[in-house]
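Residue numbers (numbering that gives the first Met the number 0): 0 to 260.
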Amino acid sequence: MPHPLALSVDFGQGFTDAWTAVATFVPKFIAFLVILLIGRLLAKPTARVVDRLLRRVGFERLAERSGVAHALRGSQYDATGILVRILYYGILLVTLQLGFGVFGPNPVSGMINSVVAWLPKALVACVIVVVAMALARAVRDIVRGALGESSYGRGLSTVAWACIVALGVIAALGQAEIATSVTGPVLTAALATIAGILIVGVGGGLIQPMRRRWERWLSIAEQEAARVREEPESGPPTTPRRKPPAGPTGPGEGPDFIDPM
């Protein structure tokens, strides 16, 4: 058994290892700070250029037609501003990704890599929502204008608008990979329901009560369409003016009499 005094600590080797670790870490940290500084300097000019480009190509007008601009009226940013802010923070995240990559594989780099890989999908999802809402609003206006003042025109246009918006939202969620386990079965069930209704209803005529209801709805639609076509030709109905009652007039009566009270 060795004597306790024979045990010694190699302090020289410890100092050498510490100095080696510091000498290895300091250049990496300096490179990390330089990458962050360059990314910070490039983020704002790039965001400004993209903002001007989007506004010049008419993205904000598309957002106004879709109704997104009206929904964001009380917000600090408009639709273009939101996309630009997402791009700005995306550039900062890419900068962080490159900066932490200097230190080699680490948990922070893995998390940032997953977020950076998801950002383009989020941008595409936002564009899908804006385009879908613009298309839905255009279809609603077309259907409402075609059906005129019929009783079912407003309801049918609203249903068409809701269907297109729902499909756009489902497509955007699928693009962003959000709740795909829910949106996928919902979309499949909706399409299967529509297909079943078309097969049974159109092909087999459904059942007799539903057939009678369809006939009644179609007759009402024809009457409404005929009424809408006839109204512009005939003009609004005029009410005949009432004539004053015949008979003798007293000293306080007659067309030229003005009541002083």
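By construction, the Cβ of each residue, glycine as well, lies at the ideal position given by its N, Cα and C atoms.
Buried versus exposed, by CB contacts within 10 Å (16 or more), residue i
i    : result
W213 : exposed
C180 : A small correction: the amino acid at residue 180 is Ser; Cys does not occupy that position in the sequence shown. It counts as exposed.
A67  : Looking at the sequence itself, residue 67 is Val, so the reference to Ala does not match. By the 10 Å Cβ count, V67 comes out buried.
T15  : exposed
D140 : exposed
A46  : buried
G38  : buried
I196 : exposed
P18  : The sequence as given places Trp at residue 18; Pro does not occur at that position. It is exposed - the Cβ of W18 has fewer than 16 other Cβ atoms within 10 Å.
W160 : buried
S156 : buried
G89  : buried
I270 : The displayed coordinates of the chain run from 0 to 260. Any statement about residue 270 would go beyond what the structure contains.
I111 : buried
Nonlocal neighbours in the same chain, by C-beta distance under 7 Å from residue i, ignoring five residues either side
i    : result
A224 : S149
V123 : Q174
V49  : V83, L86
V129 : L61, A62, S65, V67, A78
A171 : A124, I127, V128
N302 : There is simply no residue 302 to check, as the chain begins at 0 and stops at 260 in what is shown.
Host alpha helix (DSSP H) of residue i (start-end)
i    : result
I196 : 179–196
Residues near residue i by beta carbon distance below 8 Å, same chain, minus five either side
i    : result
I34  : T94, L97, G98, V101
E59  : L53, A68, D77, A78, T79
A220 : S149, Y151
Spatial neighbours of residue i in its chain, beta-carbon cut-off 6 Å, leaving aside the 5 residues before and after
i    : result
G152 : R143, L146
Near the ligand NAP: residue i beta-carbon under 7 Å from a heavy atom
i    : result
I196 : No copy of the ligand NAP appears in this structure; indeed no ligand is present at all.
Q.
Does the segment 79–93 come into contact with the segment 117–136, if we say contact requires no fewer than three beta-carbon pairs (one atom in each stretch) closer than 8 Å?
A. Counting Cβ pairs under 8 Å, three or more are found: they touch.
Q | Touch test, the segment 167–180 against the segment 130–144, Cβ-Cβ under 8 Å, three pairs minimum | A | Contact check between the segment 167–180 and the segment 130–144: three or more CB pairs, one atom from each, fall below 8 Å, which counts as touching.
**Q.** In chain order, each alpha helix (DSSP H) run of at least 4 residues that lies wholly inside the segment 28–112
**A.** Here the runs fully enclosed are 58–65, 67–70, 78–100.
Q | Residue ranges of each alpha helix (DSSP H) within the segment 117–177, 4 or longer | A | Whole alpha helix (DSSP H) segments, 4+ residues: 152–174.
Q. Counting Cβ pairs, one atom from each stretch, are 3 or more of them under 8 Å apart for the segment 37–51 and the segment 92–106?
A. Contact between the segment 37–51 and the segment 92–106 is present, because at least three Cβ pairs lie under 8 Å.
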